[in-house]
Every structure is written in structure tokens, then in C-alpha cells.
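Residue numbers (my numbering), protein chains in the order written: chain A, 1 to 156; chain B, 1001 to 1639; chain C, 2001 to 2402.
Using N, Cα and C, we set each Cβ at its ideal position, and we do this for glycine too.
Owing to the predicted nature of the structure, the values given are computational and were not obtained by experimental measurement.
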Amino acid sequence: MLVVEKNSLTEEIEELVAHYGNDRASLLPILQDVQRKHSYISDYAQQEIARVLDIHPVEVYGVISFYSFLYSKPMGRNIVRLCQTITCDLQGKKAVAEAIERELGIKFGGTTKDNRITLEYANCLGMCDQGPAMLINDKVYSYLTPEKAVEILGEV
Amino acid sequence: MKNKKTLRAPVSQKAHIVEKPEDITTIGGTIAIEINEKKVTVPLGTTILEACQQNNIHIPTLCHHPDLCVAGVCRLCVVEVEGMRTLQASCAYPITARMKIKTSTPMVRKARKHILDLLLSEHYGECYSCVRNSKCELQSLSKEYGIEEFTFGHIKEPKHVIDKSSFSVLRDMDKCVLCKRCVRTCIDLQEVGVLEATYKGDETTISTFMDRPLAGVICINCGQCINRCPTGALRANDPSDAIWNSIDDPKKHVVIQTAPSPRAAIGEEFGLEAGHSMTGQLNTALKRIGFDGVFDTNFTADLTIIEEGTELIIRLFKALVNQDPSVSLPQFTSCSPGWVKYLEHFYPEYIDNLSSAKSPQQMFGTLFKTYYAKQKGIDPKDIVSVAVMPCSAKKYECNRPEMNDSGYKDVDYGLTTRELAKMIKEAGIHLPELPKDSFDSPFGDASGAGLIFGATGGVMEAAIRTVVEFVLGVKVEDVFKNANVEVVRGFEGVKYAEIPIGDKVGPVPDLIKHLVPNWDWLKGATLKIAVAHGTANAKKIMEDIKAGGKFSECHFIEFMACPGGCIGGGGQPIPTSPEIRKARAKAIYSEDESLDVRKSHENKHVLRIYEEFLKDGPCGHLSHELLHTHYTKRGKYIA
Amino acid sequence: MENEKTNRVGSVIFSEYERGEAVKKAAEMSREDILGEIKISSLKGRGGAGFPTSTKWMLTAAAKSDEKYVICNADEGEPGTFKDRVLLLEYPKLVFEGMVVAGKTIGAKVGFLYLRGEYEYMLKSLHDYLSEMKQDQLLGKSICGKEGFDFDIQIRLGSGAYICGEETALIESLEGQRGEARNRPPFPVSTGYKNKPTTVNNVETLAAVSQIVTKGGEWYKTYGTNKSSGSKLFSVSGDCKKPGVYELPWGTKISELLKLVEAEKTKAVQVGGASGVCFPKSQFERTLAYEDISTGGSIIIFNESRDMVKVLKNFMEFFVEESCGQCTPCRIGNVKLLEGVEMIEDKTFTFNYINKLKELGKTMQVSSKCGLGQSSPNSFLSILENFSEEIFNGRNGGKHEK
């Protein structure tokens, strides 16, 4: 990481801390904001957050790795999370998943070469009455069919 | 001191989460309960586990540890409480109401056995090839619960690679049972914060920051995690094979120095109760094993007192008389390598406060390959120097690149108490039955001052014994009864004392006459000192100093990385507890009282070194070259 | 996402309600009077555990502290549950006003809505709604012009962890920790967020509070059964023509519900989500109520074409991932149960081993640290119990879909 990048990240984190407070309770909102902007929380960002909140870097890492929606490694620009839980599964998740994999040329857990999309499974999205469902970043898409899912991904 | 308690480790793991009624006097402070149909009365807020222990009812535990806060995660200690749907973890349940407890019902026994079965199903490896064989809590619980087969299978392939990056601590996560004792030790007890649980569900692992090798993070090598690990998941980096090779090599002259704390604890490895000092027997054992010279680290502890004490006098003189603003005070002790590394990482701006005097281990290493080599007529390259230490950080210390002032690696191997016990057993020796023997010349026996280095406050007490006699010109016994400086003894986390110097000072002793003209400049002054053990306590003092509090006005502060000081070091026999550490300290203090020479400056071998070898005296040119070192501002950033 | 329905039918939660009603009424009531109404209503927690709301509030109100907190648990993660989604999107008034009422009753000035990360898309509309409430003096300083009636609501997002629906794990998460459940006691009512007295209530519970405060505890009690007052929102999904959220009085039979949602050829009904119990046809006459089948409202319907082993495997995979991993029975136990299901799937099991796993399941129910591990074996035990014939003998001679 370049010094300039580091400095701007530090500045950004200090602003977030000023906004949310320098209390450990601010950790999740800060991590969520950093990730929204950078798609993941880098080593350096984790240590800066630890420094300003006066906790240990490994504690930040422990928290990030605990939550499925937080990442310590770079991700694609868009994160697609297909629900794999029971009702979506009953309603045709498998066909949707296979179609997406074919179309993007990657498996779940992978990222497209152009870094456009990271593909993941998620547990119950709370759209069981409208499954199969997926999240693209923070937007939810329901009543998916293989065709519809691929079409939506084409527009991302 | 700012209180950041709520920001530390998961709140569920905090001791204070165990509910104790605010005002226990209102209802008499005690409560009558029933355990296994027997009526007992316990103070309110007692945990079920404590209540059972007080009544001699055994409850199996794994994640529970007397030094650590409650976790309640292994679930082995579950008991039945009448009227409750589920079993309760006795370690985490404070008694605040009448209850009927049953500790051995079919449901309880089955649950405990199931939990053991589950842990064993994921515990990779065989007991006979494990360093903790016969000292493993999982193993003894399996025996206790009659485990004869792996009910739920047994993992056949390792999932993790053993992290051998550190000179001090090895991590074998395939043996980890996720009790989180190491996490609570590292984050809460020591406030170093290297280890934490990461990921969740079946992927939960204890990791370092971003799964880095231990050598790549800010581990201080204190090894306290090893002492509290119930299994072989954490262990010290054992050099005993290499030491055997040296012993077996006729060309090598292998010398060994033993620190006082291992001697006070090694008996535990041979089945003795804590608190037996085995100095004489150990000398016999080491000679039988084949070491060519057996020496007492206390000798260089005495030397350290002279060097470090002289350094303090120089600093004070410069600050008070010369008004030199560049002098850093308070002076910090530097004999605990865990503490030194802690300071280098967490308070690098204070490294000038560290005494530049090497630790006793390293001083001895240098002397072996210089003074001793010359005396004995041995080529220093053929000398292998081994140090028996209570400490895992000493392994790191002897591998510091700057520790080669003799022209060779000053200390070749740092060996822990546990590892030495293993070597002695391997040699077919049962230590407690051996006759006693003395240390070899030319260093001989040391003073009691060097001996008490092993307990928290010991370095300070040794320094006080010398400084009082140097400065006041009186016998230390006239100031402190029996020369026991009680104010710095005991297990209080942070100790503080003031020693008024008054108007009467003595003559400057010959040894340091060339450094200060007289003591008049100290008349009426008050020497302020402090002692901390465990880095969490060290942190309290450092934060206070940063904030300009009372500790910033101290002149001399003793810091030990480990709780209890060296007797509680990361290389000491397992288990550890406050009681065990107390017993070890007692053994050291009573040995000290039994000695004729109890002051470092009265150690005639030390005085001879200054006459024969370090001719320009304490903190002189040669001493600086050989017995002093420098430190590195490491900081906290993990690259 | 498709548009949510606009005209929901329901006699209690979905009954007519104008924004501000509960807060305005509460502003005129004493804390004791509010508690009294809640007590009369016999409202119990709607997240699934069914703890009496008035008791929880009373304990928090009685706790001595200068700081107290209200937390609305909107970490709706139980598979098959989506009622909170509907409430938050369509009835934020009920939920937020319930929080304000709770704040007044227990003496808290701050409330948190812990919204699951999956629902981040609601964030803007919820924030907008809070601003409107502030403009209308239903939130903020001197609510309804009453000096000292201050309450503010902050929304905090989760980040994808089912366990954070457990109230103490939720509090840990709010404090910036890993979502690991705490030891109980102490309970959040005395030692909650930042170790201050805290009441954690389900979204639906708080929505019910708004209706109760407005229309009275006696009115509320006219719905439901003797032991289960009021109504319940059921999230219905799976094999039926009309999935969705239904408000029904407690005491409704499974069969009645199946008819309402037009389910056909139903073989099994999973009540309570992955952590719930799976009922076979022979038990469809049982009632949904605290005294019979207590539930947070997830109803998943399986018709005759479904392979119950596949269903069970999906549930167990869920728990293996979503266990927080701190306690032994839950962390490893769920892995063992899943392995057992895979053995059944592959026909490599022995009955002897399956029986051992059932015993293990019972151990997990009593020895796990929190509700997750205590309830995760429920589907394993109930599906193997109620569908053993199909699983071990029927359906293509015991062959299972992969």
C-alpha cells in the first residue's frame, strides 16, 4: 500500500471514529462503512481501527472473520449472495445456482476475473415466501428463475 | 488511570459478569443450598463450582482456570439444578437464590461423556507422542470418564500446520480444544492481545492477526498461554535434542547455568508438592547428565544488581546534580525478556528508560565465552552455553542478534524447567532422591539477593539491600528487619514504596568511587520505587507514567512479564495457580534466609570479577561492551 | 423484490392504527399504568421463547441504574421467518412506537434497532420514518411536549450471523464483539448492553405493545386462548399456493392454517424454523399456542414429493455454519449430526450409531450454552422420530436425492 493511500485510509477511519465514537461499540458500524467503500477491510485498516479504538488488531480480525458479511480479503465490486436455506432450496435454488455458475464461469466462493462479481451462498435472507432469492450488495431479488437471475446479473 | 475495562475481551468472559449482590449483608450474606441432598451454606455469589469444591465434591472442568475469568464454554462442568430445564455450567453460575444441585445424575454423566467424546473426535494425534502425555487435562478427563473408544470417530488427518516460527512458543492447533484459556491469558491476564478466536461455527480457530506466524506478530514470548493450555496445543520450542548432541560431542565443553525459579519448581515435575527447592540435587543431576560446568545464574544476578544499581546512581547523579535533561527516569529493570519485548512493542518511546544492563542469563553467556574461556583455556567456539530458565522468552532473548558480545552467540540454548525435567528423566535420574552438590568454580555460590530475583519484587529487594548499604553506610538489617524488604514482597499487582534517605549518608564505596564524589546530593531525598508483575499490571504503571501520574516520579521500577515474577514463568511446570506460585516464592525466600551472604555486593566472586577482569569497574568500558546491551523500538504495527 | 401486500387482514397487530396513537397515549400514562396494561394483556415474547413481556419490563424498570437500554431484536434469521420484514416495511409505526413505550416504561432514553445485515435495503426507509417521527414529536426530546419524556432510536446493522438473534449474542455484537452468547445469569434485565439494564424485545412483541397500549390489555386478551393471549404473525412458506405473513389468533390448528394457505398433499410441517420441530400428518390437529406448539411463527410446508433427509441435511448444514462455535456441544455436536444425516443419505449408517446420535442430540439440548445449540437438534430428533419409516425404508427403498 502506498503511503498516500495509507494516510487517506487513516484519515477516513479517524473521521468514522469521530462520527461513531471511540468506543468498542462503534466497531461494527466502522467496519461496515470501511467495507462499503473499499469492498474489504485491509490489514492496515484493521490495525488503524484497532489503534483508534484502543483494542488489539487480532480482536478486529476475530470480529471480521466471525461475521459472514465482513471480509478481510479483497472481494469483487459486487457481491452476489444466493440464499441456500430450506425454502429457497425447495423452490429451485440449485438450478439458479448452476445457471449463474455457467454464465459467470466461476464457482460459488469465487470472483470473476474482471473483479465484477463475487459469488457466495447466504443463509436465509427472509424472502422465503418469494424464493429463490438473492442479494446483490444490499438489494434483494426474489422469485428467481435461472433465466431471470442471469439477466439480473448481466445488468450489474 | 483510565478504565477501559469494558473495551477488552468479550464481556461474557469477564470475571465481573458473575453476578455478586451489591449488598450481601442484607440477607446475611450467605445462603443455604443443597448439593447432592446435603445441606450446605455458602456466601451469596459463590459459583456452583466453588460451592462444590468447598464441599469436596469434584466437578470436571476444562475451560475454567483459577487465574482467568469465566468462560463457560467447554460445558464439562454441567450440573443439574432442580426446576431448570437445562443443565447449568457450574463454573459460570453464581448462587443468588436457594437451589438444589445434583452433580452426578445419569443426565449429567452422559452429557459430560458426550462432551469429551466430541472433543476427542476432533483432537488430532496420539497421547504417547505428545509433550503433555500424563500432564494433559483432556487425557486425565478421558481416564476419569472411562473413555475406551472414540464414540463419534476420531480425526485422521491434521487440519493445521504446526506454527514453529517462534523461538519460544509452538502452536499445534490440531490439539486445540477451544477452551480459550490462551485467549483470556493473552488478552485479559497479560493484555498483550496476540491470540483470539476467529471465524465461527465448525471453522472456529484460535488465531493470530490475519493468521500470521507467531513470530510475525507482537507476541512477547511470555509463554503464559502455554502454562494455561490444558492440552499440547501450545508448547515451548524445545532445544533438548541439540543440547544432548552437544553433551555427546567430546569436542564441546557444555556449561549450564540454572536460575533460581526452576530450582524452586522442578520438584513438581517429579511428583513433589510445590515449594521444594532442589538446588543441590539439581547440581548433582546436571553433573551426572554430563554438563562440564554447572553454575548459578544468581552469580550474574548479583552482577546485574551491581551494574544496574550503578547505572541508576549514574542516572540520578546526572539528573539531580548535572541537571542533564537527557536522562531518562524512572529506570526500568530489563532482566525479564518478555517485559522488554512488551515495552519495545507497546511503549517504544520509553526504551531509554530500560536499564542497559543485560539480564543475568545474557551476562553469564558473555562471561562464559570470555572470562571463563580464558580462565579455563578453552577456545570459546567450543563452549556451548545452556541456560535453565523458568521462561520461554529467554529462548527468544538468547537468539536476539545483538546478543553476541563475546564474539559468539552468548547463550546457545534457553531450556525451560519442564524441558530440563524431561532430560533428567531421560537420563534415568529421579531428582528428589539425589544427594546435594555445590556449584562449580570459578563462580561458586551466589548471594540470596540474586536468588530472590525469582519472585516479584525480588530484583527491587536485592537492589535495595545494596543501595541502602552503599548510600546510607549502615547495615541493611538496621533498616529492614532481617534484611527482608517486606514492602516489595507479595503478589499485589502493583507495589509502590518510598525510602527516605534522611540527612545521614555514608562514604562512597570503593567500587564506584570513580563515579560519584560523595552522597551529599542525596541527602533529604526520597527514593521512590515501584514493582509490577504481569504485563497487564505493567501497562497500568506505563499508562500512569504517560499521564504524568505518581509513577512518573519514581526512580526505579521493577517489571516482570509474568504473574508472580519468574516463579510463574512460561517455562515452569504445569499447572500454575496463585497457590502454586505462592509456594514457589516461599521456597525462594526461605532459601534466601538460610544463606550467609544475602547481598549482591558481598558476593566475593563478583568482587573478584571486578578485580581480575572488569578492571574499570561497574558500568566501565569493558562492562559496557560485554554486560550491557541496547533495545529496538518495535512498535505495534504488523507489517 | 415484489411489492409487499398493502391491505393486510388481521384483528390485532394488523388492526387499524394511526401513527402516534401509542406514544400519545403512553405520554399521558404513568409507567405503572403501562406496565399494568401489558400485564393484563398477558403478552409473551414473540421471538419464540415466550417470556412474559411485563415481567421482563418490570425487572428492567426495577433495576437501579442511571442508564438503561431498549433493544428491538430485528435480527430475524430463523429459516422460514419473515414477519419482521413485513412489520418493518409496512408497520414501522407499530415497532418504533413500541420501543418508545418500552423506553418510557423501563426508564431508558436510548433504543437500538438491531437490523440484520440482510435487511440493509430497508435502512433508508426506516431512517426516513424516524425523521418523520421526530418532526411529529413522537421521538427525541420532550416527546409529545412532555418534559423529560426523551427517547432516541439508533439503527444498528448486523453483518450476517444468525446467532446474533440470541439476545445476549446480539448485545455482544452491539458492543462490537463477536456474537457469542453470554453466560446467564446475569440476565440482560440487570446486566445488558454495556452491563446496564436492558430489555431486548422481538419486533412483533413491540408491535403488539403499541396496539395494547392503544386499545387496552383487556381488548388484547379477547383474542387467542386462555394461556396464549392475542394473535401471532405466521410466516408461511414452502409447498402451498399462498405463502406469506398471516395474522391468526393463538390456538389455530395446523390443519386450519394449511387450508388457509391452500396447501395440498402436505406431508410435513416444520414449525419454528430450522430450530423448530417437524410435524407429520398425524399431528396436524395440534394447535399453535404456548400451551401446545410454542413458536416464533415460522411455518414451512413440505408436500409428499419432498425427501425429508434432504430437508434435514439443509437444516443441519445451516447450524454447522451458524453455530457461534464457542461451546463444545453445539460446535462439534452439529457437525456429528450432519455427518449422521450424510450417512443416512449414503446408506452407510448403522442403527446403533444413529441411536447414539439421538442421545447426543438430547445432550446438546440440555448442555449447550445458549438457545441455538439447545434447539438445533430439534429437527434432527423430530424428523428421525416422525419420518423414520420413509427415511429408512420408503421412497425408493431408502435412496435419497443428492
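From ASP23(A) to ILE2171(C), what does the alpha carbon distance come to, in whole angstroms?
Residue 23(A) sits at position 23 when you count from the first residue of the first sequence. Residue 2171(C) sits at position 171 when you count from the first residue of the third sequence. Spanning the two alpha carbons is a distance of roughly 14 Å.
Is it buried or exposed, MET1084(B), if we count other Cβ atoms within 10 angstroms and call 16 or more buried?
Against the second sequence, residue 1084(B) aligns to sequence position 84. Exposed: under 16 other Cβ atoms inside 10 Å.
Which full runs of the beta strand (DSSP E) of 3+ residues lie inside the segment 1102-1173 of chain B, going along the chain?
1169-1171
Identify whether PHE1270(B) lies in helix, strand or coil by the three-state DSSP scheme.
Reading the second sequence from its first residue, position 270 is the one you call residue 1270(B). Reduced to three states, the DSSP call for PHE1270(B) is helix.
In chain A, which residues lie with their C-beta within 9 Å of the C-beta of ALA1274(B)?
Taking the first residue of the second sequence as position 1, residue 1274(B) is located at position 274. Here the premise fails: no neighbours, minimum Cβ distance about 32 Å.
Who are the Cβ neighbours of THR2105(C) in its own chain at under 7 Å, not counting the five residues just before and after it?
The residue labelled residue 2105(C) in the question sits at position 105 within the third sequence. For THR2105(C), where only same-chain residues beyond five positions count, the Cβ hits under 7 Å are ARG2031, ILE2034, LEU2035, TRP2057, ALA2061.
Using a threshold of 8 Å, is the CB atom of LEU1316(B) nearer than that to any non-hydrogen atom of the ligand COA?
In terms of ligand content, the structure shown is empty, and the ligand COA therefore cannot be addressed.
Beta-carbon within less than 6 Å of PHE2014(C)'s beta-carbon, same chain only, minus the 5 sequence neighbours each way: which residues are those?
Taking the first residue of the third sequence as 1, we reach residue 2014(C) at position 14. Only ARG2008, GLU2247 meet the Cβ criterion.
Go ahead and pull the three-state DSSP assignment for HIS56(A).
Here residue 56(A) refers to the residue found at position 56 of the first sequence. Looking at HIS56(A) - three-state DSSP - the assignment turns out to be coil, as it is neither helix nor strand.
When burial is assigned at 16 or more other CB atoms within 10 Å of the CB, is PHE1209(B) buried or exposed?
Position 209 of the second sequence holds residue 1209(B). Buried, since its Cβ has 16 or more Cβ neighbours within 10 Å.
Could you confirm whether any beta carbon from chain A is found closer than 9 Å to the beta carbon of ASN1003(B)?
Locating residue 1003(B) in the second sequence gives position 3, counting from the first residue. Low confidence applies here, because ASN1003(B) scores a pLDDT of 39, under 50, leaving its location unreliable; read the following figure in that light. No, ASN1003(B) lies away from the interface with chain A (no Cβ there is under 9 Å from its Cβ).
Using a Cβ cut-off of 9 Å (strictly closer), state whether ARG2085(C) contacts chain A.
Taking the first residue of the third sequence as 1, we reach residue 2085(C) at position 85. With 9 Å as the cut-off, ARG2085(C) counts as an interface residue toward chain A.
Output, in sequence order along the chain, the residues in the segment 84-118 of chain A whose CB is closer than 7 Å to any CB in chain C.
THR85, ILE86, THR87, ASP89, LEU90
Which class does MET1363(B) belong to by DSSP, given the choice of helix, strand or coil?
By one-based count along the second sequence, residue 1363(B) stands at place 363. MET1363(B) falls in the helix class under three-state DSSP.
Does the beta carbon of HIS1555(B) sit closer than 9 Å to a beta carbon anywhere in chain C?
Position 555 of the second sequence, counted from the start, is the residue given in the question as residue 1555(B). False, the Cβ-Cβ gap to chain C never drops below 9 Å.
GLU2321(C) CB to nearest chain B CB: under 9 Å?
Reading the third sequence from its first residue, position 321 is the one you call residue 2321(C). Yes, GLU2321(C) counts as interfacial toward chain B.
Assuming GLU1037(B) is part of the beta strand (DSSP E), what are its boundary residues?
Position 37 of the second sequence, counting from 1, holds the residue named residue 1037(B). It is not in any beta strand (DSSP E) - GLU1037(B) carries neither H nor E in the DSSP assignment.
Quick check on GLN47(A) - is its C-beta less than 9 Å from some C-beta in chain C?
The residue labelled residue 47(A) in the question sits at position 47 within the first sequence. Closer than 9 Å: no.
Taking only runs of the beta strand (DSSP E) that begin and end inside the segment 2133-2188 of chain C, which ones reach a length of at least 3 residues, in chain order?
2152-2157
Could you pull the DSSP bridge partners for CYS1566(B) from this structure?
Indexing the second sequence from 1 puts residue 1566(B) at position 566. According to DSSP, CYS1566(B) bridges with nothing at all.
Taking 9 Å as the threshold (beta carbon to beta carbon), is PRO1043(B) in contact with chain C?
Counted from its first residue, the second sequence places residue 1043(B) at position 43. Chain C contact via Cβ: absent.
Can you look up GLY1450(B) in the DSSP assignment and give me helix, strand or coil?
Here residue 1450(B) refers to the residue found at position 450 when the second sequence is read from its first residue. Helix, per DSSP.
Just tell me which of ILE1226(B), MET1099(B), LEU1087(B) has its CA closest to the CA of MET1107(B).
Looking up residue 1107(B) in the second sequence gives position 107. Nearest C-alpha to MET1107(B): LEU1087(B).
Which runs of the beta strand (DSSP E) at least 3 residues long sit entirely within the segment 1376-1422 of chain B? Give them in chain order.
1383-1389, 1413-1416
Which residues does DSSP list as the beta-bridge partners of ARG81(A)?
Start at 1 with the first residue of the first sequence, and residue 81(A) comes out as number 81. DSSP, once it has assigned bridges, lists GLU120(A), LEU135(A) as partnering ARG81(A).
Pick out whichever of HIS1154(B), PHE1152(B), ARG1171(B) has its Cα sitting closest to the Cα of HIS1160(B).
As a first step, residue 1160(B) must be located in the second sequence, where it is residue number 160. Closest option to HIS1160(B), Cα to Cα, is ARG1171(B).
Give the residues of chain B in contact with ALA2161(C), contact being defined as C-beta atoms less than 9 Å apart.
Indexing the third sequence from 1 puts residue 2161(C) at position 161. Around ALA2161(C), the beta-carbon contacts reaching into chain B at under 9 Å are LYS1200.
Please confirm whether ILE1027(B) has its beta-carbon closer than 9 Å to some beta-carbon of chain C.
In the second sequence, counting from the first residue as 1, residue 1027(B) sits at position 27. Low local confidence applies: a pLDDT of 49 at ILE1027(B) is under 50, so the model's placement there is unreliable, with the coordinate-based value given in what follows. Answer no: the Cβ-Cβ gap between ILE1027(B) and chain C never drops below 9 Å.
Considering only the alpha carbon of each residue, which of GLU5(A), VAL4(A), LEU144(A), LEU31(A) lies closest to LYS94(A)?
Numbered from its first residue, the first sequence carries residue 94(A) at position 94. Closest option to LYS94(A), Cα to Cα, is LEU144(A).
Using the three-state DSSP reduction, which class does PHE1613(B) fall into: helix, strand or coil?
Numbered from its first residue, the second sequence carries residue 1613(B) at position 613. The answer is coil: DSSP assigns PHE1613(B) none of H, G, I, E or B.
Tell me the rounded alpha-carbon separation between GLY1338(B) and ALA1561(B).
Start at 1 with the first residue of the second sequence, and residue 1338(B) comes out as number 338. Start at 1 with the first residue of the second sequence, and residue 1561(B) comes out as number 561. Spanning the two alpha carbons is a distance of roughly 5 Å.
Determine the closest residue to PRO1432(B) out of THR1231(B), LYS1381(B), ALA1264(B), ALA1497(B), with distance taken between C-alpha atoms.
By 1-based counting over the second sequence, the position of residue 1432(B) is 432. When each option's Cα is compared against that of PRO1432(B), the closest is ALA1264(B).
Report yes or no: is there a C-beta of chain A within less than 9 Å of the C-beta of SER2121(C)?
Against the third sequence, residue 2121(C) aligns to sequence position 121. The question names Ser, yet the displayed sequence has Tyr at residue 2121(C). Closer than 9 Å: yes.
When DSSP builds the beta bridges, which residues end up paired with SER2235(C)?
Start at 1 with the first residue of the third sequence, and residue 2235(C) comes out as number 235. Partner residues in the beta bridge of SER2235(C), as assigned by DSSP, are VAL2245(C), SER2298(C).
Hey, does GLY1568(B) have any beta-carbon neighbour from chain A nearer than 9 Å?
Counted from its first residue, the second sequence places residue 1568(B) at position 568. In terms of beta-carbon proximity, GLY1568(B) stays away from the interface with chain A, with every pair separated by 9 Å or more.
What does a CB cutoff of less than 6 Å around THR1416(B) pick up in its chain, not counting 5 residues either side in sequence?
Residue 1416(B) sits at position 416 when you count from the first residue of the second sequence. So the list reads ALA1236, GLY1571, once near-sequence residues are dropped.
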